[in-house]
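Chemist: The structure under discussion is supplied below as structure tokens; questions concerning it will follow.
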Amino acid sequence: MAEVCVDASFVLKWFLPEEHSDCARAALLDYQEQKALFAAPGLLPFEIISVLRRKVYSGILLPSEADEAFSCFMSMKFKLLSGNRVNRQAWQYAVYFNRPNAYDCFYLAAAKILASGLWTADQRLYNAVRDELPWVKWVGEYGRHL
């Protein structure tokens, strides 16, 4: 079974009708068929909950839609990484890539520690690191790299 590190932007595409949601849903189908085990840093639930709430607050999602997405997310199993090793690696990536926020570097750190790829729908992150971290993959390419 392949371990696949995913970030919040990728996971949210499972629940929200956005560009490249079809590619992210292909990952979800692989998960459901036991072809992939998803991993992420421990901050994944915080980010998912925050984005869902912000979308309800701003009127993009109905409360019932956010509740359904949250329930689906909570029913899934993720390998969540945390601790000093992840923190140190995230710090190193944030400094090296001169990132204004470090949260996305936690996903890079988790993927490096697991020696797996990282799937993202965060265009800024992808553009910032893709030349030096070829294991960071864009959501639109899912299915071609498993």
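Note that the numbering used here gives residue 118 to position 116 of the sequence shown, counting from 1, and the numbers run on in steps of one. A virtual CB, placed ideally from N, CA and C, is assigned to each residue, including glycine.
If P43 and F108 are in contact, beta carbons under 8 angstroms, what's the gap, nearest whole angstrom?
Modeler: Correct: roughly 4 angstroms between the Cβ atoms.
Chemist: Please state whether DSSP places A4 in a helix, a strand or coil.
Modeler: Three-state result, A4: strand.
Chemist: Do you know offhand how far S11's Cα is from R90's?
Modeler: One C-alpha to the other measures close to 23 angstroms.
Chemist: V97: buried (16+ other C-beta within 10 angstroms of its C-beta) or exposed?
Modeler: Burial call: exposed.
Chemist: Classify Y128 as buried or exposed, calling it buried when 16 or more other Cβ atoms lie within 10 Å of its own Cβ.
Modeler: Counting Cβ neighbours within 10 Å, Y128 comes out buried, since at least 16 surround it.
Chemist: Give me the Cα-Cα distance between M197 and F72, rounded to the nearest whole angstrom.
Modeler: Not covered by the structure: residue 197. The range shown for the chain is 3 to 148.
Chemist: Using a 10 Å radius around the Cβ and a threshold of 16 neighbouring Cβ atoms, would you call K37 buried or exposed?
Modeler: When all chains shown are included, K37 counts as exposed.
Chemist: Whole angstroms are fine: how far does the CA of A113 sit from the CA of G119?
Modeler: So the alpha carbons of these two residues sit roughly 6 angstroms apart.
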